[in-house]
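Under this note's numbering, the first residue of the sequence shown carries the number 1, and numbering increases by one thereafter. Beta carbons: idealized from backbone N, C-alpha and C, even for Gly. Beneath this line is the structure, given in structure tokens, with notes to follow.
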Amino acid sequence: MREITFRDTLNNANVAMDAAKIVPTLAKSRKRLEVDKIKAIVKREMDITFDMATDEDVYQCLKMMTPYDLRLTLKACVEALGDSCDGEALNRINKSRVLALFFHVFAVYPQAILTSAEDFDAEQFAEIFPDFNGLVEVDFAKVRNFLPEQCRNVINQDELRAALGEDKIKQGQIVRDFIEATLATTGKGFNSTAFKALRREHYLPLFFRAVKFVNFGKTETPTEPSEPVVASLTFGQMQALFDAATKVSVDDDFDISDTLKIFEDNPVTVKDKFYLSVPDDHAIYYGLVAIATQDGEIAAIGHAEDGIIIERGTKKIFPHVVFDWQMIDKDKFINQRIFLIVMVPATAGEFFLRPMSRSLAESYGGELWTMEFNVEYHEPQTTDRPLCIDFGTSNTTAGTYDLTKGGQPEQVTFRDVTSDDIVFSEVLPTIVYVDSCHDGLVSYKHGYEAKREIIAAGYNTKATVFYEIKRWLNSLDTQEEVTDGRETATVTRREILEDYLLYVIRAAEQQFQVKFKNLHLTAPVKLRKKFLNEMEKIFAPRGYVVDKNSLDEGLATVYHYIAKQIENVGDTSGKILILDCGGGTTDMASCHYQIEKGKDWHVLKLETDFESGDSNFGGNNITYRILQMLKMKIAANLERNENLQIYDLIPDEDDDILSLIDYAYENKNEIYKRFEEEYARVESFIPTKFAEYTMRNERIKVKRNFYYLWQLAEAIKIEFFKSNLVNVDFEKKKKIFVRSPEEYYLSVRKDGRLQPQGDPMDGVEITIREINRILLPDLYAILKTLLSHYAEDELMKYKYRLSGQSCKINKFRDLFKEFVPGKHMRIPRKRGNEDKAQVDSVVLKKFCILGSIEYVRDAKALGKYKAIIEGNRTRRIYAVKSLVGRDERTLLERDGSLNIRKFPIETGDTKFLVRGTNNHIEREILYHFDKGDADNFTLADVIRIMSDETTYTKAEIEKGIGERLQEVELEKYGGKLQPIFCIAALDANDGYGFNVYQIGVSVNDIGATEYWLPKRRHFESYEDENLQTFFNGDK
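See the structure below:
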């Protein structure tokens, strides 16, 4: 796909219709607008000064703006001429169409894009091209691949000339390389030294004075999908329009998919592959396509979208017809098979840009094209096959089996609407965007659709956006105030999470054309019971059955390995340690499996335990470290014209870094000290902490800086996963991080103002060794946290399965060998790919969902074996301490031991500390003593209540707490024994945290000890509810 050029902008096919709808007055006659006036408007609206003199300069400057700023500039220019525009309609078209609209309605001093070379006399020309006696013909097909990608699909010499002229910054290098390659095919003499001595603006004109290209040919590369302006008609209006139109049959000219299958309650989407083949001389209007019965009654109203079809090994784009379920009159399809597809000629598209009414529809005097086709209407069957869902912090996957591919796993795919190409992904981003709050009714967009809205707004959405919603499991009933940018509403986190998962379920039901009733959701290993209970609360009222025996995420990931062992003839057993370092969290679980061959079936026994983890470390931490490095290197290059050396900021050698962290975990902060100080220093030059900005325009620019660098860092991280990469070539890899040249900029502070800096990566060098250095302390620290409490001989008893983003990094695997010999590690790799060492992140994400699907297929459907799954007590990685002054005492130790602490009855509050594996303080909790109503109990009752709410047994509670309560001695004041409070803490059996027990102890008048507990239990999570996020604007 070639890049959009200035020439394309002036000839955009949609621009006339857009102008008629958005600026109807200006659409009738083009208005002259001076460049100086445009400069003044941009300065006033955005406080940016651009150097503009020509229409091409204006175009280049507008391209650098965010979609939001571009629309703002267009509105301001329209208003400067005393006119107005339809803001809502303007917001619905994409950036390229806004650019086209600008140059359609405004006549900006036009000037040729390229400078003339007629001033060069024959002698000068001969010096540069000594063997050229006139135009030399060159076969374009032979030199096409020497061009940058955006120039390869041109169809004539004028387009080639215009396309090459687009790249201003690197024009000289591109043109020189292309000229040398071109002339090499002619065998003609060329004085490159004299040519390079010319001014850059003369390169192209002079070259095209010497060369004429032939044989451009056509390309099979799919072009960018069209984005129709969808017409909005009711059934009555469409019927009136159909009745008024001249119907023309195109059965002999068009072609159409043989049969459309419509399933009740399901829309027709691009996935259904109902498409048209339209001849070149019969272009259709994409915004309106309908279905009519043979009697002329409208049965469905939809529109067309481009989709890819592979014909004889070649990808081609065809218009696919899509319908929302609400716009399908199902009664019309019962007992009928043959229908008419109804299409609007593209030349009539402008008619539908006006607000539609019955009378307007009746006035339509144009043609409608029709052709016959078949429709099958089905009521979707409810399947017993479960829908498996792997709900992730950053991404989510889903799938089932035996619906379209026999007994094989089948994954749900989602249209990536953020891509320029037509792409379907098996991974859905876990993002929610608030689309509407009208009248208090909140609707959302999810995944890629949410991401598209965020990108369209230049990452500065007025609407509320939620990331990492899986982290809400312990606080689902918390309320969130949300906005769509106009209205506000209040919803619970539970509602947001529910809507996201229902979106995944609906996508699965639409793809497989069935209704699911059984759900198998892989659960976080340390929150398994809590997670499944919450999922049941959400889905049971909707008629879904949540499998309470669902696999945890770690076990699902490793099931690929276990399933192979089931086929072994003899009994087998083993121990596996599963390390999953995903996008937002890291978890480690152990699995002990035993396969016994029975007479009629195998028995698979699985014991799984949570061993350790870190809810604040994942792939996003790696992205952030790379972002920090990028920001500092760009600043050094722009400020001082030097390549910042990361080794100056983290000078310790690799072995020294490992030794420092081995000695004390806290040394990690010292290792990063200079690195963090430099990052803080460059914030004033390239700001990214957008939460600190309250002025609108500055906040937009700073927020865009953060997301620009984040996107770039993500792309570099993916490149980093390729083990054969030595350094990152930003020229060759330019398009890995932004989609078009106008996005190659950052806002940097110059002369006290934020100003755009084009191509900020120019001159920046990054090596893989540097990336390894900045990640080494973090990676080693997390591995030490996870593995250091194991004895070496204990680790040797396990086999290891690594999954997740970070586990793909060579340095991570190298560091893992500090604890575990390499032959015990297993990480799947791609085969048959030029980057054989690269492990694709999508493939790793699939391990969990595929293991889940295979498990429900093998164990529950096919009866290959009887599965017995047992979850033992989660290994405790935190200790709970009571802090009074400087006196710190343990209530709940990592090894499971228990204790109590006594407090005077008058105590108002106290402090708890949660300490992690490395004795690091993870949380500080201020506990307020409950002085409200309490119930009296015997000691046996207190122990029974505790045992019902914890993973501890009665015997363990009696020994650790009961015996200590019996040993409590009350002090006597004023001749009377004074009551006290005793505080204890126990792991909660519902949620990853602990319950605080405030036990009152007193002696009654007859000398008997009494105990009482507040009516409300107090739960605290081991991890801070406000877990680390990288998207709140403080980075």
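Buried/exposed call for residue i, threshold 16 Cβ in 10 Å
{"i": "Ile1038", "result": "For residue 1038 there is no data in the structure shown, the boundaries of the chain being 1 and 1035."}
{"i": "Gly366", "result": "exposed"}
{"i": "Tyr679", "result": "buried"}
{"i": "Trp601", "result": "exposed"}
{"i": "Asp324", "result": "exposed"}
{"i": "Val15", "result": "buried"}
{"i": "Ile301", "result": "buried"}
{"i": "His320", "result": "buried"}
{"i": "Asp18", "result": "buried"}
{"i": "Gly543", "result": "exposed"}
{"i": "Gly447", "result": "buried"}
{"i": "Pro355", "result": "exposed"}
{"i": "Met695", "result": "exposed"}
{"i": "Thr688", "result": "buried"}
{"i": "Val248", "result": "exposed"}
Cross-strand partners of residue i (DSSP beta bridge)
{"i": "Glu1020", "result": "Phe994"}
{"i": "Arg773", "result": "The partner list for Arg773 (beta bridge, DSSP) is empty, contrary to what the question assumes."}
{"i": "Val1003", "result": "Thr1009"}
{"i": "Glu410", "result": "Thr400"}
{"i": "Cys581", "result": "Thr586"}
{"i": "Lys976", "result": "Tyr973"}
{"i": "Phe48", "result": "Per the sequence shown, the amino acid found at residue 48 is Ile instead of Phe. Answer by DSSP bridge pairing: none, since Ile48 is not bridged."}
{"i": "Thr910", "result": "Tyr927"}
{"i": "Gln479", "result": "Thr492"}
{"i": "Asn374", "result": "Thr259 and Ile338"}
Span of the alpha helix (DSSP H) around residue i
{"i": "Ile900", "result": "Looking at the DSSP string, Ile900 is not in any alpha helix (DSSP H), and its letter there is neither H nor E."}
{"i": "His104", "result": "Lys95 to Val105"}
{"i": "Val23", "result": "Looking at the DSSP string, Val23 is not in any alpha helix (DSSP H), and its letter there is neither H nor E."}
{"i": "Asn936", "result": "That residue, Asn936, is in no alpha helix (DSSP H); its beta strand (DSSP E) goes Ala934 to Phe937."}
{"i": "Leu164", "result": "Gln157 to Leu164"}
{"i": "Thr623", "result": "Gly619 to Arg640"}
{"i": "Asp648", "result": "Ile646 to Leu649"}
{"i": "Phe539", "result": "Arg528 to Phe539"}
{"i": "Arg813", "result": "Asn810 to Phe816"}
Proximal residues to residue i (C-beta, below 8 Å), its chain only, five neighbours per side dropped
{"i": "Asp435", "result": "Ser443, Tyr444, Lys445, Glu453, Ala463 and Asp484"}
{"i": "Ala450", "result": "Pro429, Ile431, Val432, Tyr433, Tyr444 and Val465"}
{"i": "Val738", "result": "Per-residue confidence for Val738 stands at a pLDDT of 42, beneath the threshold of 50, marking its modelled position as unreliable; no derived number is given."}
{"i": "Tyr275", "result": "Ile256, Ser257, Gly307, Ile309, Phe318, Pro319, His320 and Val321"}
{"i": "Asp933", "result": "Pro1014 and Lys1015"}
Expected contact under 8 Å - CB spacing of residue i and residue j to nearest Å
{"i": "Asn395", "j": "Leu428", "result": "6 Å"}
{"i": "Lys95", "j": "Leu135", "result": "So it is not a contact: roughly 38 Å between Cβ atoms."}
{"i": "Thr397", "j": "Glu350", "result": "That pair is no contact at about 43 Å."}
{"i": "Leu519", "j": "Val545", "result": "7 Å"}
{"i": "Asp390", "j": "Thr246", "result": "Not confirmed; about 54 Å, so no contact."}
{"i": "Lys799", "j": "Ile576", "result": "5 Å"}
{"i": "Leu649", "j": "Arg674", "result": "5 Å"}
Run of the beta strand (DSSP E) containing residue i, from where it starts to where it stops
{"i": "Pro67", "result": "Where Pro67 is concerned, there is no enclosing beta strand (DSSP E), although the alpha helix (DSSP H) it sits in stretches over Pro67 to Ala80."}
{"i": "Arg889", "result": "Asp887 to Leu892"}
{"i": "Tyr679", "result": "Looking at the DSSP string, Tyr679 is not in any beta strand (DSSP E); the run it does join, the alpha helix (DSSP H), is Lys673 to Val682."}
{"i": "Tyr800", "result": "Lys799 to Ser803"}
{"i": "Gln755", "result": "Arg753 to Gly758"}
{"i": "Phe516", "result": "Val514 to Phe516"}
Cβ neighbours of residue i in the same chain (closer than 6 Å, five flanking residues each side left out)
{"i": "Ala348", "result": "Gly366"}
{"i": "Tyr693", "result": "Arg699 and Val702"}
{"i": "Pro741", "result": "For Pro741, the pLDDT reaches just 43, beneath the cut-off of 50, and the residue's location in the model is therefore unreliable, although a value from the coordinates is still provided. Here the set comprises nothing."}
{"i": "Glu893", "result": "Ala879"}
{"i": "Gly867", "result": "This sequence places Ala at residue 867; Gly is not what is there. Leu604 and Ala859."}
{"i": "Leu850", "result": "Pro409"}
{"i": "Ala20", "result": "Ala27, Glu350 and Leu353"}
Any non-hydrogen atom of the ligand MN closer than 7 Å to residue i Cβ
{"i": "Ile256", "result": "Because no ligand of any kind appears in the structure shown, any question about the ligand MN cannot be addressed here."}
Neighbourhood of residue i by C-beta distance below 7 Å, restricted to the same chain and skipping five residues each side
{"i": "Pro777", "result": "Ile657, Ile661, Lys668, Ile671 and Tyr672"}
{"i": "Ala489", "result": "Cys437, Gly440, Val442 and Val482"}
Chain D within 8 Å of residue i, Cβ atoms only
{"i": "Asn918", "result": "The structure shown contains no chain D, having only a single protein chain."}
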